[in-house]
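Under our numbering, think of the first position of the sequence shown as 82, with each following residue one higher. Read the structure below first, then the notes.
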Amino acid sequence: MKETINIFDVNMHSFTAKEAMKRVIEYLGTESLHTIEIVTMDMLLKEQDNVQWKEKIGKMDLALPGEQEILVAAEVQDRSLIREADDKVFLKLFLKYLQKNRRRIFLLADSEEVLESLKEEIRHYHRGIVITGGAALPEDAGQEEKVINEINGTETDCLVSVLSSPWQEQFIAGQKALLNVKLWMGCGTLLMQNYTDKKMRGRLKEFFLKKLFRYRVERQKKEN
Numbered sequence: 082m083k084e085t086i087n088i089f090d091v092n093m094h095s096f097t098a099k100e101a102m103k104r105v106i107e108y109l110g111t112e113s114l115h116t117i118e119i120v121t122m123d124m125l126l127k128e129q130d131n132v133q134w135k136e137k138i139g140k141m142d143l144a145l146p147g148e149q150e151i152l153v154a155a156e157v158q159d160r161s162l163i164r165e166a167d168d169k170v171f172l173k174l175f176l177k178y179l180q181k182n183r184r185r186i187f188l189l190a191d192s193e194e195v196l197e198s199l200k201e202e203i204r205h206y207h208r209g210i211v212i213t214g215g216a217a218l219p220e221d222a223g224q225e226e227k228v229i230n231e232i233n234g235t236e237t238d239c240l241v242s243v244l245s246s247p248w249q250e251q252f253i254a255g256q257k258a259l260l261n262v263k264l265w266m267g268c269g270t271l272l273m274q275n276y277t278d279k280k281m282r283g284r285l286k287e288f289f290l291k292k293l294f295r296y297r298v299e300r301q302k303k304e305n
């Protein structure tokens, strides 16, 4: 099995959920900050021509395909790996690990509305996870220093981000050296899908997203 795949010149690690979780546990056992990004179709489509965004993804310690369509487009043949992506197994194992081990997390979102919604859902479904705080961090709001001080003022193991791309990757690339946490988990829209799928990405929108993604991938293959 290939350990890496490439879509639109974005390299991702083709790991099983258990293999990825081994990395998570390893990262949380260190003192330095490690970064993990879960890549989705909409991120790839939106940033297909964004060279700087691709470079930032490439510098992550772990970049994982978050949806089965990405693996299918990369011609991955392992059905269990595709099934894991479809069932969001890694994300579920990650949250379960945080819950079981009472790990402390800080949440980042684009708005207060999204932030409060995510806090409520995590507290309801994953009660063992300790939320040390959260911050709404819109792009170009000039709140980076304030938010970093807030994060560093807590005893936080993991920074969980549902910021939109490319702002999410821009923030961690620029501020990584200043953050006093062990792990960055960039989830983008994927984590929110578990809770607000009907609101944010209905079935019809999902259908057209998949169709557009397949078309773009096939067009790139023909061009190459």
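Cβ coordinates follow ideal geometry from the N, Cα and C atoms, glycine included.
| message | Assuming PHE187 is part of the beta strand (DSSP E), what are its boundary residues? | response | Here residue 187 is taken as the residue at index 106 of the sequence shown, counted from 1. Secondary structure note for PHE187: its beta strand (DSSP E) is the uninterrupted segment 185–190.
| request: Could you tell me how far apart the beta carbons of ASP90 and THR116 are, in whole angstroms, since I believe they sit closer than 8 Å? | output: Counting from 1 along the sequence shown, the entry for residue 90 is found at position 9. Counting from 1 along the sequence shown, the entry for residue 116 is found at position 35. That pair is no contact at about 19 Å.
| query | According to DSSP, is SER198 helix, strand or coil? | reply | Position 117 of the sequence shown, counted from the start, is the residue given in the question as residue 198. Three-state result, SER198: helix.
| query | For the alpha helix (DSSP H) that contains LEU240, what are its first and last residues? | reply | The residue you call residue 240 lines up with position 159 of the sequence shown. Where LEU240 is concerned, there is no enclosing alpha helix (DSSP H), although the beta strand (DSSP E) around it starts and stops at 239–242.
| said: Contact defined as beta carbons within less than 8 Å: I believe PRO219 pairs with SER192. What is the distance between those atoms, to the nearest angstrom? | reply: As a first step, residue 219 must be located in the sequence shown, where it is residue number 138. As a first step, residue 192 must be located in the sequence shown, where it is residue number 111. Their Cβ separation, rounded to whole angstroms, is 7 Å, which keeps PRO219 and SER192 in contact under 8 Å.
| task | Evaluate ARG184 with the Cβ neighbour count: other Cβ atoms within 10 Å of its Cβ, from every protein chain shown; 16 or more gives buried, anything less gives exposed. | result | Reading the sequence shown from its first residue, position 103 is the one you call residue 184. ARG184 should be labelled buried.
| task | For HIS205, count neighbouring C-beta atoms within 10 Å of its own C-beta (all shown protein chains included) and say buried if the count is 16 or more, exposed if not. | result | Your numbering for residue 205 matches position 124 in the sequence shown. So HIS205 counts as exposed.
| For HIS205, the three-state DSSP class (helix, strand or coil) | Sequence index remark: in the sequence shown, residue 205 carries index 124 (1-based). Helix.
| Distance, ASP130 Cα to LYS200 Cα | One-based indexing of the sequence shown puts residue 200 at position 119. One-based indexing of the sequence shown puts residue 130 at position 49. Near 33 Å, if we compare the C-alpha coordinates of ASP130 and LYS200.
| field | In DSSP terms, what GLU118 is bridged to | value | Numbered from 1 along the sequence shown, position 37 holds the residue referred to as residue 118. According to DSSP, GLU118 bridges with ALA144 and GLY267.
| Residue environment, GLU112, which counts as buried when at least 16 other CB atoms sit within 10 Å | On the sequence shown, residue 112 is found 31 positions in, with the first residue counted as 1. Exposed is the call here.
| Coil, strand or helix - ASN87 by DSSP | The count along the sequence shown starts at 1 and reaches residue 87 at position 6. Strand, per DSSP.
| request: Give a yes or no on whether the C-beta atoms belonging to ILE186 and LEU145 are separated by under 8 Å. | output: As a working note, residue 186 is residue 105 in the sequence shown. As a working note, residue 145 is residue 64 in the sequence shown. No, Cβ-Cβ distance for ILE186 and LEU145 is not below 8 Å.
| Near GLU100, what residues of its chain come up, given a Cβ to Cβ distance below 8 Å and the 5 sequence neighbours on each side ignored? | The sequence position of residue 100 within the sequence shown is 19, counting from 1. The answer is none, since no qualifying residue turns up.
| task | Go to GLY110, then tell me how far its alpha helix (DSSP H) extends in each direction, as first and last residue. | result | The residue given as residue 110 occupies position 29 in the sequence shown. Here GLY110 belongs to no alpha helix (DSSP H), and DSSP marks it neither H nor E.
| Where the alpha helix (DSSP H) through ALA254 begins and ends | The count along the sequence shown starts at 1 and reaches residue 254 at position 173. First-last of the alpha helix (DSSP H) with ALA254: 248–256.
| Per DSSP, the bridge partner or partners of ILE151 | Position 70 of the sequence shown holds residue 151. According to DSSP, which records beta bridges pairwise, ILE151 is partnered with nothing at all.
| said: Three Cβ pairs or more, each shorter than 8 Å: is that satisfied between the stretch 131–138 and the stretch 151–166? | reply: no
| task | Using beta-carbon positions only, say whether GLY269 and MET124 come within less than 8 Å of one another. | result | Taking the first residue of the sequence shown as position 1, residue 269 is located at position 188. Taking the first residue of the sequence shown as position 1, residue 124 is located at position 43. The answer is yes: Cβ separation under 8 Å.
| said: Counting only beta-carbon separations shorter than 8 Å, does CYS268 have a partner in chain D? | reply: The chain labelled as chain D is not found in the depicted structure, where only one protein chain is given.
| message | Considering just the uninterrupted stretch of the beta strand (DSSP E) at GLY223, what are its terminal residues? | response | Locating residue 223 in the sequence shown gives position 142, where the first residue counts as 1. Where GLY223 is concerned, there is no enclosing beta strand (DSSP E), given that its DSSP letter is neither H nor E.
| task | Quick one: using the 10 Å Cβ neighbour count with 16 as the cut-off for buried, is GLU304 buried or exposed? | result | To locate residue 304, count along the sequence shown from 1; it is residue 223. By the neighbour-count rule (16 or more Cβ atoms within 10 Å), GLU304 is not buried but exposed.
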